[in-house]
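Numbering (the numbering used here), first residue to last: 32 to 760.
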């Protein structure tokens, strides 16, 4: 197969140039692409026994798109994609051949005026797979869609939408479902401070193989008020949302029904210690946008990029049952299904967004190629906070270099139940209300009263609420010194019982010069929930200085103590130091040191546990000439987790060369080496690559990967080479 693929590859390079030069019709675009890849892997165990595998693939893609205006307000968008991949896999002298073919035609009309807009479209995705020794298998997904929007000036706008999707295999033995949904959305801003929104969604799902029908009627409403009153001394922000979901299920066989969990706040962070990390709010994870990145990348990290584990979570506001997490991604035009099985997902829950408990590991997760979504199914858990933890793509994954970016766009949660358990009608209603009022009492010093009220009612569960009253103070004492302080009391009701909490924080900042800053921050809390008391206090000092032009330094450290309701006491200390040196515009040097320790005893902890993490890192980037970039880093890590010690040394080297001033030819060289003295293991990656940008729409990519892992029980050597030729018109 390898010689045939190479012949076709070279032929396409010659023919596609002619096509690109002659195809210049208005609104017509497309591309031709061919790629070849070969991977050889050798595994050697401790006894010296070796096993060899090889994999070859040849991929060809043809795409054409017509985007034209038929009339001034009427547009046509039509086209299609044809993709075929021939693969051969050999292991132990046994060869397996497979062929997969994808055909994706689409057509759509769009009508646009300042007052009205309308869309109608159809697309079909058909995939056929043939594997030696197995029966051929083909799946089809057909979607019809239409939408109409009316946007009158000064009146509520209205949008009507209808979707119908059929999923089935050609024999209708594995999948045979139809999903349809009709929606009406209206939003209105009668005055500037007030925003109103209502959405009605009526859906129907029919699974003919399990003889299951699910009818879903969903009402969603939102009222937002935001204004500043009384000469802008009082700011008021109020937000009320409700969801009413009516599900009617008729079951003749099996299957599951998923119930979306609403009113979740997105959380995210990057940390290799997921058991003890506080995640930051990330509203982009839960804004309903399935295209825009939420700032989390699961793709292959580049040299110097953070390769720590990605933490993505949700805050439900109260303990909530969940058993499915949905992670939607975009992979820069690539199909993430190619590397989806390489990810391992860990499920954690928490009651306070600080201390996390591992519940389950899911590897691999189901990947919906059409929706580009990971569907992570696990055993039912009940918690206020939940997160999934996953490492970014590894170099050891075949074709990993084709996926520098796999951007997470949305994180959703569901609780799925067997359809047989919910036969008949199920109704759930949820209310969420937030009120924030901030009143300026004094101008100098600045003194504010802050009031907030939070209410969540999810029938038939009991309501939970929190009422907060606080004072916030800010004062500039002199040109150098300033201070801030805040104290508040929170009263509320949780599922566990009544809750009373006192929160306090104070800070002093000193800025003697523009190049020198100091900040001392004290914060704490005293909380009692259902008779169980917990406290937490911390003191941290932060310093930053520009010592000279091109020399910046940061030094910070502090200590904290927390005591849980069970009597567990945790004392933590942390020190961070870093420096950046720019002796010349072509050179940048960075130094960093981190030391953190935690001592835990009492409560559910047996004896005393000590955890220590210490790391040193240095890196340098050089650009001796405009066409050359060099980067190198060295990192030492030491961990002591309850007496289990580990050390790791990581060296990274990267060289990039673009020999032509216009950057049409890029030669890249990547070298990575990781040494783990604790188990006498070593990982090494050598990846040279070449990219020639023939034109703005055409390019040639050639790459080679040499990966080697040496361990006490198993050594693995993988060599992979491939090329992609892409011509656009």
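Every residue gets a Cβ at the ideal spot worked out from N, C-alpha and C, and that includes glycine.
When you compare only the Cα positions, how much space is there between residue 221 and residue 186? 8 angstroms
Length of the line joining the Cα atoms of residue 472 and residue 507: 17 angstroms
Report, in whole angstroms, the separation of the C-beta atoms of residue 412 and residue 390, which I expect to be a contact under 8 angstroms. Beta-carbon to beta-carbon, residue 412 and residue 390 are separated by about 5 angstroms, close enough to satisfy the 8 angstroms threshold.
Would you report the Cα separation of residue 602 and residue 119, rounded to the nearest angstrom? 57 angstroms
The beta strand (DSSP E) spanning residue 364 covers which residue range? Residue 364 -> no beta strand (DSSP E), and no H or E assigned at all.
Straight-line gap, residue 374 to residue 205 (C-alpha atoms, nearest Å): 26 angstroms
Contacting residues, own chain, Cβ-Cβ under 6 angstroms from residue 269 (five flanking each side not counted): 256 and 466
For residue 311 and residue 298, believed in contact at Cβ under 8 angstroms, the rounded distance: 7 angstroms
According to DSSP, is residue 146 part of a helix, a strand, or is it coil? coil
Report yes if the C-beta distance between residue 377 and residue 420 is below 8 angstroms; otherwise report no. yes
Just list the beta strand (DSSP E) runs in the segment 209-249, keeping only unbroken ones of 3 residues or longer that don't cross its boundaries, in chain order. Runs of the beta strand (DSSP E) inside the segment 209-249: 225-238.
Cβ shell of residue 230 (< 6 angstroms), same chain only, five flanking positions each side left out: So the qualifying residues of the chain are 216 and 251.
Which stretch, first to last residue, makes up the beta strand (DSSP E) that contains residue 736? 730-741
Neighbour flag for residue 221 against chain B, beta carbons, 8 angstroms: Structure shown: chain B not included; a single protein chain is present.
From what residue to what residue does the beta strand (DSSP E) around residue 195 run? 188-200
Any idea what DSSP makes of residue 392, helix, strand or coil? Three-state result, residue 392: strand.
If I'm right that residue 533 touches residue 516 with Cβ under 8 angstroms, what's the distance once you round it to whole angstroms? Not quite, the Cβ-Cβ distance comes to about 14 angstroms (not below 8 angstroms), so this is no contact.
Provide the residue(s) that pair with residue 607 in DSSP beta bridges, ordered along the chain. 587 and 625
Go ahead and pull the three-state DSSP assignment for residue 657. coil
Range covered by the beta strand (DSSP E) that runs through residue 92: Run containing residue 92: 81-102, per the beta strand (DSSP E) assignment.
Inspect the CB distances between the segment 715-728 and the segment 698-705 and report whether three or more fall short of 8 angstroms. By the criterion of at least three beta-carbon pairs nearer than 8 angstroms, the segment 715-728 is in contact with the segment 698-705.
With distances taken from CA atoms, which of 469, 406, 434 and 523 is nearest residue 349? 523
Beta carbon of residue 445, beta carbon of residue 355: below 8 angstroms? It is a contact, given that the beta carbons lie within the stated cut-off.
Does the Cβ-Cβ distance between residue 566 and residue 593 come in under 8 angstroms? yes
Beta-carbon proximity of residue 106 to residue 95, cut-off 8 angstroms: no
Go through its chain and collect everything with a Cβ distance to residue 741's Cβ below 7 angstroms, but skip five positions before and after it. Leaving aside the five residues that flank residue 741 on each side, the residues in its chain whose CB is nearer than 7 angstroms to its CB run, in chain order, 712 and 713.
Just verifying my parser: in three-state terms, what is the DSSP assignment at residue 695? coil
In this structure, does DSSP put residue 474 in helix, strand or coil? The answer is coil: DSSP assigns residue 474 none of H, G, I, E or B.
Straight-line CA distance for residue 728 to residue 400? 26 angstroms
Bridge-paired residues (DSSP) for residue 71: 85 and 750
With DSSP as the reference, label residue 373 as helix, strand or coil. Three-state result, residue 373: helix.
Which whole-angstrom value describes the C-beta separation of residue 521 and residue 495, a residue pair presumed to lie in contact below a C-beta threshold of 8 angstroms? The pair is not a contact, with the Cβ atoms about 12 angstroms apart (cut-off 8 angstroms).
Taking 8 angstroms as the cut-off, decide whether the C-beta atoms of residue 671 and residue 641 are in contact. yes
Hey, residue 226 and residue 461: beta-carbon distance below 8 angstroms or not? no
Hey, out of 690, 646 and 686, whose CA is closest to residue 677's CA? 646
Best match in 304, 639 and 650 for proximity to residue 610 [C-alpha to C-alpha]: 650
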